[in-house]
Structures are given as structure tokens and as C-alpha cells.
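Residue numbers (my numbering): 26 to 132.
Worksheet: one structure, shown below.
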Amino acid sequence: MVKEAEKDEIWALRKALSRPNYAVMELLLKKSPRTTRELYAILEKRFTRKTLIITLRELSLDLNVIQPTHIRTEKGYGLGYRLNPKVKDVVKNVQKFSKVVESVTQS
Numbered sequence: 026m027v028k029e030a031e032k033d034e035i036w037a038l039r040k041a042l043s044r045p046n047y048a049v050m051e052l053l054l055k056k057s058p059r060t061t062r063e064l065y066a067i068l069e070k071r072f073t074r075k076t077l078i079i080t081l082r083e084l085s086l087d088l089n090v091i092q093p094t095h096i097r098t099e100k101g102y103g104l105g106y107r108l109n110p111k112v113k114d115v116v117k118n119v120q121k122f123s124k125v126v127e128s129v130t131q132s
């Protein structure tokens, strides 16, 4: 019987900052919105398709970090994702804090 890990104050942040989740958020921070196909094409070398499907579901449904949106394409409209505006600041701050921690460990 597997015991579920207890949730602490930053469990959502830990979940959002897993490697595949952070990779998707970083891409959406650079350019948003992006189609699902774009995300798959860029990240397929780093993660499996199954991992990316789970990641998009987790980020959109469970955490509401990314929001589905319609994107105009040559063939009409397609499904895409954009970063939740509240989360943009969090991702930028995490990047800044990471640099601070790296500089502290270097000295």
C-alpha cells in the first residue's frame, strides 16, 4: 500500500516546477499562445508524447497554470494554450530567485 505524500505549503509550486511542466511554462513565457502541435514539436526531443499529454492536462485542469484558447491557423481555428497572467510573474520570479541561489552557492 502506497502512502500519499503529505501536502505542505509549497506543494503546488513543486508540482508546477517539475521538469516537463516548467519547460512548457518557459516556452509560453517566451511566446504565448502556442498551439499544442507547436509545444509537441519543440519538446518532443526532451520528453515523451505521453509525458507531454499528462503535463498539459495537469497544467490546465489541475493547476490552472495554462489556459486553453483558440488560435487562428491557415485551416481555421486550432487549440492552443496561453500562460495564466498571474503565473507569468511567478515564473519570472522563480527564474530570478534561481539566479540568486546560484550566486549564493558560488560564493
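Just so you know, even glycine gets a beta-carbon here, dropped at the ideal spot from N, CA and C.
Keep in mind that this is a model prediction, so the values were computed, not measured.
Closest residue to residue i among the options (Cα-Cα distance)
i    : options                : result
L52  : V119, L68, Q92 and T94 : L68
V115 : F72, I91, L64 and T80  : I91
N109 : T130, E34, E31 and A41 : A41
R74  : P45, E99 and S128      : P45
Cβ neighbour criterion (16 or more within 10 Å) applied to residue i
i    : result
N89  : exposed
V27  : Bear in mind that the predicted position of V27 carries a pLDDT of just 47, short of 50, making it too unreliable to give a figure here.
G101 : exposed
Sequence-distant residues of the same chain with beta carbon closer than 6 Å to residue i, five excluded per side
i    : result
G105 : P58, R59, T60, T94 and I96
F72  : P45
S132 : none
T98  : none
Cβ neighbours of residue i in the same chain (closer than 7 Å, five flanking residues each side left out)
i    : result
G103 : T60 and I96
Beta-carbon spacing of residue i, residue j below 8 Å
i    : j   : result
V119 : L84 : no
L77  : Y65 : yes
Strand pairing of residue i, partner residues [DSSP]
i   : result
Q92 : R107
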